[in-house]
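Colleague: Okay, handing you the structure first.
Residue numbers (the working numbering), protein chains in the order written: chain U, 53 to 165; chain X, 88 to 198.
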């Protein structure tokens with residue numbers, strides 16, 4: 053089954069404790085992206101990757117890091133989480149960027165206290 | 088300032104009637120537009136898209152209309168069904184790698 057998986061689905065952590073949210077897709081997609089969803093703001097793009105070893109900032113990259121060492125994986129790293137990073141996070145992938153719909157993972161709800 | 092706006096946070100429609108969801112954008116460089124549907128506790132799923140070279144795209148009960156001069160697009164669902172109750176996001180791209188999403192409209196289809 054074609055899918056995007058994220059782990060963990062739920063995470064409660066404390067300020068400053070490094071964490072990684074994993075994202076994996078099995079569709080051989082070149083393009084992957086991370087979003088955060090906040091009430092009234094919709095989905096905002098954090099980082100995206102056009103292919104292996106190619107990443108770039110989206111609209112809200114501050115406080116986040118990503119890596120793309122393999123085509124299927126695109127982890128999101130919070131080196132020192134803060135309460136304003138409490139949000140619902142979605143990973144997405146698509147065949148390419150322009151002109152293709154994205155497939156989204158189920159989401160990771162992160163709470164930073 | 089939001090580049091993609093969905094000014095109606097919520098919409099209620101009777102089953103069988105037409106649902107019209109609206110989206111406005113400010114960036115004239117946007118040339119590809121998509122609608123996604125999102126159920127609670129799930130990720131968004133793609134619904135329908137339209138390129139700026141078209142003014143209409145239809146897929147079954149779903150039709151998207153694009154008015155470039157007004158920087159406005161709308162999603163029509165006919166007939167509406169209770170299973171259509173979800174949050175709908177409008178998204179836009181300038182043909183590059185960036186996607187900008189609107190804040191979403193919660194559609195409730197009443198039986």
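Backbone N, C-alpha and C fix where the C-beta goes; we use that ideal spot for every residue, glycine too.
1. Taking only the alpha-carbon atoms, compute the straight-line gap between residue 62 of chain U and residue 145 of chain X and give it to the nearest angstrom.
2. Determine, for residue 102 of chain U, whether the minimum Cβ-Cβ distance to residues of chain X falls below 8 Å.
3. Going by DSSP, what residue range makes up the beta strand (DSSP E) through residue 152 of chain U?
4. For residue 125 of chain X, count neighbouring C-beta atoms within 10 Å of its own C-beta (all shown protein chains included) and say buried if the count is 16 or more, exposed if not.
5. Output, in chain order, the set of chain U residues within a Cβ distance shorter than 8 Å of residue 166 of chain X.
6. Between residue 103 of chain X and chain U, is the shortest Cβ-Cβ distance under 8 Å, so that the two count as touching?
7. Cβ closer than 8 Å: which chain X residues qualify as neighbours of residue 142 of chain U?
8. Residues of the segment 85-114 of chain U with a CB closer than 8 Å to any CB of chain X: list them in chain order, please.
9. Take the Cβ of residue 101 of chain X as the centre, count every other Cβ of all protein chains shown within 10 Å, and call the residue buried at 16 or more, exposed below.
10. Below 9 Å on C-beta distance, what does residue 156 of chain U contact in chain X?
11. Quick check on the burial criterion: 16 or more other C-beta atoms within 10 angstroms. Buried or exposed for residue 134 of chain X?
12. Answer with yes or no whether the minimum CB distance from residue 147 of chain X to chain U is below 8 Å.
13. Hey, does residue 170 of chain X have any beta-carbon neighbour from chain U nearer than 8 Å?
14. Going straight from the alpha carbon of residue 184 of chain X to that of residue 195 of chain X, what length do you get?
15. Would residue 56 of chain U and residue 155 of chain U be called neighbours here (beta carbons separated by less than 8 Å)?
Modeller: Answer, in terms of the structure:
1. One-based indexing of the first chain puts residue 62 of chain U at position 10. One-based indexing of the second chain puts residue 145 of chain X at position 58. Each residue's alpha carbon lies about 37 Å from the other.
2. Within the first chain, numbered from 1, the residue matching residue 102 of chain U stands at position 50. True, the Cβ-Cβ gap to chain X drops below 8 Å.
3. Locating residue 152 of chain U in the first chain gives position 100, where the first residue counts as 1. No beta strand (DSSP E) holds residue 152 of chain U; DSSP gives it neither H nor E.
4. The residue given as residue 125 of chain X occupies position 38 in the second chain. Around the C-beta of residue 125 of chain X, 16 or more other C-beta atoms lie within 10 Å, and the residue is accordingly described as buried.
5. For this step, residue 166 of chain X is matched to residue 79 along the second chain. Neighbours of residue 166 of chain X on chain U: none; closest Cβ ~24 Å, over 8 Å.
6. Start at 1 with the first residue of the second chain, and residue 103 of chain X comes out as number 16. No, residue 103 of chain X does not count as interfacial toward chain U.
7. On the first chain, position 90 is the one that residue 142 of chain U refers to. Going along chain X in sequence order, the residues near residue 142 of chain U (Cβ under 8 Å) are 130 and 131.
8. Of all residues in the segment 85-114 of chain U, the ones placed with a Cβ closer than 8 Å to any Cβ belonging to chain X are 85, 87, 92, 93, 94, 95, 96, 97, 100, 102, 108, 110 and 111, in chain order.
9. Position 14 of the second chain holds residue 101 of chain X. It counts as exposed.
10. One-based indexing of the first chain puts residue 156 of chain U at position 104. What residue 156 of chain U touches in chain X: 123, 125, 129, 130, 131, 132 and 133.
11. Reading the second chain from its first residue, position 47 is the one you call residue 134 of chain X. Around the C-beta of residue 134 of chain X, 16 or more other C-beta atoms lie within 10 Å, and the residue is accordingly described as buried.
12. Your numbering for residue 147 of chain X matches position 60 in the second chain. Not an interface residue.
13. Residue mapping note: residue 170 of chain X aligns to position 83 of the second chain, counting from 1. When Cβ-Cβ separations below 8 Å define contact, residue 170 of chain X makes no contact with chain U.
14. Indexing the second chain from 1 puts residue 184 of chain X at position 97. Indexing the second chain from 1 puts residue 195 of chain X at position 108. Rounded to whole angstroms, residue 184 of chain X and residue 195 of chain X show a C-alpha spacing of 32 Å.
15. Here residue 56 of chain U is taken as the residue at index 4 of the first chain, counted from 1. Here residue 155 of chain U is taken as the residue at index 103 of the first chain, counted from 1. Against a cut-off of 8 Å, the Cβ pair of residue 155 of chain U and residue 56 of chain U comes out as a contact.
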